[in-house]
Structures are given as structure tokens and as C-alpha cells.
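Some notes on the structure that comes next.
Okay, structure coming up:
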């Protein structure tokens, strides 16, 4: 009845990491990095807790945004019934399956709320009329309740989709696809709302007087660019390591490249709109956020974002050949991943160092610690699963996909 | 019928059903689309056209009286100095956006269902932009000097203020209109050729022929054409985002509570697409019924459109919510007041109409039954159109009517002249749309043909294939067309292009299916021919490869043009504001580079789009209204359902007998030798 579906016969060695393959060591590598990073954080952070909490926040937000971007990537694929990207979906699923891990990595921040968020310090509102006004929202108990709500809903959606898809590998039941598709729309709404409010809570409220209606959208745009950049790097690395090289073709790479290109432009559009409207209206309560970021050594960072996160990748990724070759695509992806990190850094760090950029060893230590946990846990999952959704009804369509 | 169509909706188990019902052949698509244009004007058309024309004349009256008497005939006064006209402007620009979304963005996302509705939606875009431009056009006061909005050198050395969002509007909307028109025309080109080849009167042949530019469905032409289409889509996508973003900046760059919100650009874009889809839906429900296109514009298309309306309506709801939350969160008493005043002030009725129509009503589309029920779709689409009109009205009027000075608070209501102007703009819109469906094919025939299963060169036909083979003509031996043969003269502009001289033009061989054409092309390519071409009613996927064509150089032309456009635009603004006409406006520096970005971007897109269209025409040597191939009577059907290979006599491999034999051996239905 479904000839295309029955024709799909991926051999196990095409879609799993064979024993003895270097990628089997990912959990060990990640674990070692995590231990090393956490140790460094503990030693260095003891002397400078404020810097530690900000560094940890940056690292946490960076990996969180990748996971949220992955969740959106997969949900939108279900909702639109996309066909081309099925072979990439399991990688997205693996990344968003890290959301419960991110919940654990959020916990250290709770020890440093006072360092991070000036509104959370007892008595902060006493001499600050604005903070008094905002207190019904910006207070520690409600902040915690919201965090629980965010991680609860993200983890629920993530695990539901992850195990749904894994289960289909076993049963091959097409009804799973139908069920996951039906829930994709509501899940996107939940994700959109929680992600917006999370970005307000965790980034925007670092400068509690400042506000922007666009902020949630800006965070979303960055997250999505970040995940697609990660995806391009991971896919190319896997192909280089002899994994998925018979499954993911230049056609898929080109589409990943197109998405990277498009969402880089989207990020620029959102970022520019936010900046532009504040620059034009010139209201001190709004421009203050940008003023910090275009003064002193933050100015080169801002310009770097403009050029490195938009202008350069825009022209680099424009051509067709760049997107179809693994090496060139991965260069673009790795670059944009770095730029996405810089973007998060640029949003968070000026609160701590308004006088100028002050790179710290703790930035690196926190990145290694959080990244180690993330990569280790993801590597642990990758070893235990097929690298593509083996029995998705649209797998054949994805395998045969060609750009027109 | 409804059940069978619903059964065809996408689901992951059943795979992807065909987009067009009743599995028609290529010719019947041409017939059904051309029929409304060619038959006698139906009474129903007059029933829509005449009232529209009456409304349009109402617009004439309202506008004439406005010009005679002045803006005082409108209800504008302190504090609401900007209300009805700008509401209608934003409303109409927004309507247009769905056309570009369907033609460009859905194209980039490979949403093939767009092919049935994109032509009408693009036409709608152009007419909506015309309606939109009416409003700023008539309210500038001295309309006879409206051209001063453009940067024209003049003896007074005056230049427009490029730091003003209103000037960005001038550029954005006029360029949007231009590019939309180009996009629409490029899409129309093959269908105009179809109308030309089907024409039964010489007037029709002449008029369609002029505008078809001598299109002959050549694969080498399709090759550049498809590249141009892709590039236009890639340019139109950021353009459509920019246009409504810039429209939103008319409000958002101000410091007025309720207007100054950073989320405005994407929020307005989502709203624009939302309202535009509602309008497309309204029009398509009527058109498919009146012109019997139920098997081309199916419930599946409506299902997709309803989903997009659900998504964009929910985005708009997200923006409403975010604005409200942030107004409170900001702690700014004016912001908070502006929003409380919206929801509970004198215009609360308008606000709640807006919320009900735009956020609540589309939620019905979570249900597939609602998405595929024509009455529900029709009613909800009209409700959304009303709601989106009110959205603009609410944003504009509620922020103005209670300004910072309570003693000047007021309540704006429109006068009869303003209402008549709005009604008249609908007259303009529907008059244009009626003319369009009467005189132009309102479905993109060439594109719809590409989504039929048999358009795929690797399509494995079942019994139908045999039927075709059974009816196919016997292969006729190579036979020079006799002087007295059925040669038909076409309108010709011979001075535009020249072909090499010689007694024969070459061979023309007809093939039965895209698959046959594809395989024959591979063989002709392998035989080493260079001066040859394939011809088909639509671009057959993969034939460019089978012919061994290189990639089109068009992207480079476009890149150079776009960069030049952007650079020229930026330099113009920099020169105007720093040396030609330096004025301090709103405390901005002379060189305010962020304010120059919108116009720079628009000009880059304009020149890029012009480069794409004229580059494509140049590479394709069009217009070429006369061509030897047009002498073949068979060739008439190249814009309908026939597939050809032509081998030119000046090809080094060409031989009057062996070339003909090769073509015959490839399974051609007929082979003919054409005179030069």
C-alpha cells in the first residue's frame, strides 16, 4: 500500500555508531571536560563569585538556546509536515533531549540570584519606584515558579517528542507521526510563550529598568540561528567521521545552508529593528541599554556582531556551492555558532562590566563545564539510538530529496 | 464531493496526494483556465463589475470634492490629525502582502500548492497597492506637487528628508508595487503566450502577442526564466518583510505611547499576511465557484490557507499580549494608560472588535472541518478583514485621541466623505480584479501543469500512457514545409533580433510526453549537437541537465545590480543630508546612517529585481516576436500540451537526412524541416 515506505532499507551500520568508532568516546570526553570545567569554576569562582555567576549564565543560555532552537526546528517540521529534513530530525531530537539536563545546569544560578539580578536583592525596591512597580513580576518566589514552569513544559514537550520518535523506530507505527503532528501546533504556542518570558526573566531583567517588546523574538531568532549552525557543524563532522555519509547528501546540506542564511538575515532584521526604533525615538530609558554597548570596548563587540553575525555570513552563504560542500558549510556554521555565543555574551556581560569587555578565564571554564555536560549527555544518547528516525513514514521522501 | 476531497488532505500515513483533482491532462488545464477569458462575458461578471464601477465613481466624486474643498471635509482635527486615510493605507498595503507571500515565500519553501492561487493573489497585491497609494496620494494637500516626494533635482536645491519614515514609505510602497508587478508579469509571460497561441481573433493575437514578447517555451529560455523567478522570489521575500516593517515605523519611530514598540515591525508583517490571506480566501471562494475551478483550487488549498491564517492570527495575538504586558512591565504611566485606554476607553468597542475578529475567530481553524468548510472559511475571512481594518484604526486613533494634554482630548469620527473614500477604494480594487479575471488567465497554467504527476520526466505511466501512444500520430518522414503549406504569419518585430541566414531553419520534432522529451534530450546532447533546443509548455524538471546546460549567469547580474542600487541609494542620502541640503531634523545628526538603511535596502531590491527581469529577457533574446519556429502549425501547441526538440541547421553536426533520422529514432511523433 505504501511502496515508498517499504522500499526504505537502511542498513544498521548506516545509521548507528559502530563499536570502536571514535564518537563512542563522546560521553567520556564530555564528562572529562565537565569535571575539569566544574573544578576550574569552583577554584576560580570562589574568589570571584559575581564573575562566576555571569559566566555560568552566559554558558547556560548559550546551550539552552541551542536546545530550544532544536525543539522549534523539530516541532515546525511536524507542524508543516516537512519531508526534506527527516534525516536530520534525530539530531535535533538529541539536542532538545538535553533540556532536562539544562534544568539541572540552571540550579547553580539560583545560588547567585543576588549577584545577577539587582531586583532580587532584598530592599532593592525601597528606593526605586520602578522596581516597586515591577515587584509583582520581578520577585524571587514568582521567578522560581516561572522557572519551574518553563523547564517543566520544555522537558515535557522534549521528552514526549523524543520518546515518541524513538518509539516509532521500534513499532513503525505511522499513528505516532499523526499524534505528534497534532500536538505540534499547541506545543509551538507553549514554546513561544515560555521562551519569550524566559528571555525576559533571565536576560532582560538583568537591567530591570529596561524593556523591549521585541526581546522574546530576538532571543528566538538567535536560538534558531544557533541551532542551525550547530546542526551544520555536527552533520558535516559526522559525515567526515563516516557516519550518515550515505544518508545525508549535499541536497540536505544545501537546505541546512539555506536555513542558516535565511535566519541569519532574520536575526539581523529583528536585531536592527530593535536597535533602530530605540535609536530613532531616543528615549533615555530605552537607549541606555545600547549606550552601554556602543561605548568603550563594547563598541568593537557590537560592530563585530553586525559584521560577523550578519554581513559576512550573509555574503558567504549566498552562493550555492558553499552550501553544498561540507567543509565550507561547516566553516560558516562554526563561525555563526561562535557569533551566537558572542551575541549572548553581549546581551549579558555589559551588566557586569559596563565599562568595557573584560574576558575572564571563568567564561571559558563555565563554557567547558556546561558544554561538557551537554556534549557528554548528548553523546551518551547518540550511542544508544539510531541516528535517523528509522521508520518515519516520510523517511523515503527525505532520503530521495533533491533541491529543485 | 466534500468527503473525497477531505480524504486527500495531507497526512503522514497516506503520503502526499496530488494537488489537482480529477487527474486532468495538460490540455484540459489550459482549456479550463483560458475558458473564462475567451468565452462571452457572463452575466455574473457584469453583476460584480458594474457595482464595482459605481463604487469607483464614488471614489472619483469623494476625491474630486476633497481636491476642490480641501482636507477640511474630513473629520480630522486636534488631537486626531491622522486617522481614516492612514488606516486605509495600512489596511490596503497589508492586503497586498499575502500575494507576495504566496508567490515568493511559499515558492522558496517549495509549497507547490501555491500554484493554483498565486496568479490571482499576485494580481490582488498589485491592485491593493494601487488602493493603498491612493490614500497618502490624496491627503498630501497640494496633490499637484506630490512628485516632490521623490528625490528629483530642482532649481531650488530642495531634497526630501530621508530621515523621515514617511519618505521611506514612498520608496518602500512604490518599489513594492513595481517589483510585485514585475514578478506578476514574469509569471504571466508563458500564459500570455498560451493566450496568443489560442487566440481566434487578430486583435487578441496582436495584443497578447505583444505582451508575450515572443515567448516560445524554449528550454534554454525556461532555464534563465526559472533562475529569474527564483531570484525574484528571494528578493521579494525580504522586500515584503521590509515594506510592512517600514509602514509600522511610521508609528514606531515616534515617542507616542501605543505606537512606539519595538515589536511593531514583525507584528505588522504578521498582521499584513493575516489580512491578505483573508482577502485571498474571500476572492478565491467566489472565483472558483463562478469560473468552475473547483478541481484546481481545491479544499486542500483552503486548508493550507486557513492554517496560515491560524498561525498569523496567533502571532498577532502574541503581539497584542506582549504589548500589554510590556506596557505594564515598563512602569511607564503613559504606556500603561495608553493600553488601558485602548481596552477600556471610548474606543473600547473597536478594540474588542479587533481582538474578537483577529485572535479569537481564527482559532476555529484548529478544526479541520472548519478549515475545509466553504461557508465557515468565507465568513471567517470576512470577519478577519474587518478585524484587521479595526486593528489599524485602533492603533492609530486610540493613541492620538487622548494625548499628553488632557484638555485637548477628543473623539474622532469619520465624515461621510471619508466613508465614501473607503468604499470607493473597494470599488477600485474590485473593478481592477474584475478586469483581471476577464482578460488574463487567473491561474498560472504553466505552473499548475508542473505539479501534475505526469509532468515529472520520471513518471511511470500506467494504462494512460498506452492510450496516448495509441492516439499518437504516425511519424512522418522529414518533409520540408511547402511554400503553399499551412504557414501562418505572426505579428513580427524583425529589427529586434536576427538569426543566421540559410535555406532551412532546422528540424522540429514533437514528442508525446515530458519523459520522452527528457530521454530524447539526453540522446541529442550525447550525439554532440550544440545549436539545438527543447520546447515545452512548462519547465520540465531536469531537462536542463539532460541538455547539458550550464548554470545561468543571472545571479551575478543581479548581485552587481543590487549592490549598485544599495550603494547609489546610500551615497544619495549621504550627499543630500551632509552637503546638498543639510538640515537638522528631530535632533538627528546630518549623517544618520541607521535612518538611511531603509531606503538603501529598497533601492538595492529595486535594482536587483530590474536586473533579474531585464537580465533574463536579455539572456533569452526577448522580445523576439518573430521566429522561424512559429511557422510550424504544430508548434502552436508548445504553450499548451506539446513537447518539441528543434535542431538548427547551422549546427556543425546538422545533416538534412541523418539529423531527421536521429529525431525519428528517438520516438518523435512527427518531424518536420522548417524553412528559414
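Chains as they are written, first to last, in my numbering: chain R, 67 to 470; chain D, 1055 to 1730. Here a beta-carbon is modelled for each residue, glycine too, at the ideal position from N, C-alpha and C. Model, not experiment: these values are computed from the prediction.
Residue-chain proximity (residue i, chain D), Cβ-Cβ < 9 Å
i             : result
residue 348/R : yes
residue 435/R : no
residue 220/R : no
residue 330/R : no
residue 143/R : no
residue 474/R : Residue 474/R is absent from the structure shown; chain R starts at 67 and stops at 470.
residue 262/R : yes
residue 266/R : yes
For residue i, the nearest candidate out of the options (CA to CA)
i              : options                           : result
residue 124/R  : 81/R, 175/R and 108/R             : 175/R
residue 467/R  : 148/R, 268/R and 443/R            : 148/R
residue 79/R   : 463/R, 464/R and 449/R            : 449/R
residue 407/R  : 378/R, 446/R, 422/R and 367/R     : 367/R
residue 1505/D : 1304/D, 1167/D, 1334/D and 1313/D : 1167/D
residue 437/R  : 88/R, 96/R and 279/R              : 96/R
residue 397/R  : 432/R, 300/R, 92/R and 233/R      : 300/R
residue 155/R  : 89/R, 277/R, 423/R and 314/R      : 314/R
residue 1178/D : 1155/D, 1164/D, 1197/D and 1199/D : 1155/D
residue 1378/D : 279/R, 81/R and 199/R             : 279/R
Helix, strand or coil at residue i [DSSP, three-state]
i              : result
residue 1666/D : helix
residue 203/R  : coil
residue 1512/D : coil
residue 266/R  : helix
residue 1230/D : helix
residue 1656/D : helix
residue 1277/D : helix
residue 456/R  : coil
residue 1589/D : strand
residue 1346/D : coil
Nonlocal neighbours in the same chain, by C-beta distance under 7 Å from residue i, ignoring five residues either side
i              : result
residue 316/R  : 390
residue 479/R  : There is simply no residue 479/R to check, as chain R begins at 67 and stops at 470 in what is shown.
residue 190/R  : 184 and 197
residue 332/R  : 287
residue 1253/D : 1259 and 1262
residue 1428/D : 1339
Proximity test, Cβ basis, 9 Å: residue i and chain R
i              : result
residue 1534/D : Note that residue 1534/D scores 39 on pLDDT, short of 50, meaning its location in the model is unreliable and no value can be drawn from it.
residue 1373/D : yes
residue 1649/D : yes
residue 1377/D : yes
residue 1641/D : yes
residue 1160/D : no
residue 1531/D : Note that residue 1531/D scores 39 on pLDDT, short of 50, meaning its location in the model is unreliable; the coordinates nonetheless yield the value given after this. By this cut-off, residue 1531/D is not an interface position.
residue 1494/D : no
residue 1675/D : no
Partner residues on chain D for residue i, Cβ-Cβ distance less than 8 Å
i             : result
residue 199/R : 1385
residue 258/R : 1372
residue 44/R  : In the structure displayed, chain R extends from 67 to 470; residue 44/R sits before or after that span and is not available.
Contacts that residue i makes with chain D (C-beta to C-beta distance below 7 Å)
i             : result
residue 340/R : 1316
residue 249/R : The premise fails here: residue 249/R is roughly 12 Å from chain D at the closest Cβ pair, so nothing lies under 7 Å.
residue 283/R : 1317 and 1320
residue 203/R : 1383
Where residue i meets chain R, residues with beta-carbon distance less than 9 Å
i              : result
residue 1308/D : 346 and 347
residue 1299/D : 335 and 339
Residues that residue i contacts on chain R, provided the C-beta gap is smaller than 7 Å
i              : result
residue 1295/D : 335
residue 1292/D : 331
residue 1380/D : 277 and 279
Close-in-space but distant-in-sequence residues of the same chain around residue i (CB under 6 Å, 5 per side omitted)
i              : result
residue 1713/D : 1561 and 1701
residue 1319/D : 1299 and 1302
Chain-ordered neighbours of residue i on chain R, where CB pairs are closer than 8 Å
i              : result
residue 1368/D : 255
Where residue i meets chain D, residues with beta-carbon distance less than 9 Å
i             : result
residue 288/R : Going along chain D, no residue has its Cβ under 9 Å from residue 288/R, so there is no contact; the nearest lies around 14 Å.
Same chain, Cβ closer than 8 Å to residue i, five either side skipped, listed in chain order
i              : result
residue 1530/D : Confidence at residue 1530/D is low in this model, with a pLDDT of 39, below 50, so its placement is unreliable and the value that follows should be read with caution. Excluding sequence neighbours, residue 1530/D sits near 1724, 1725 and 1726.
residue 115/R  : 178 and 181
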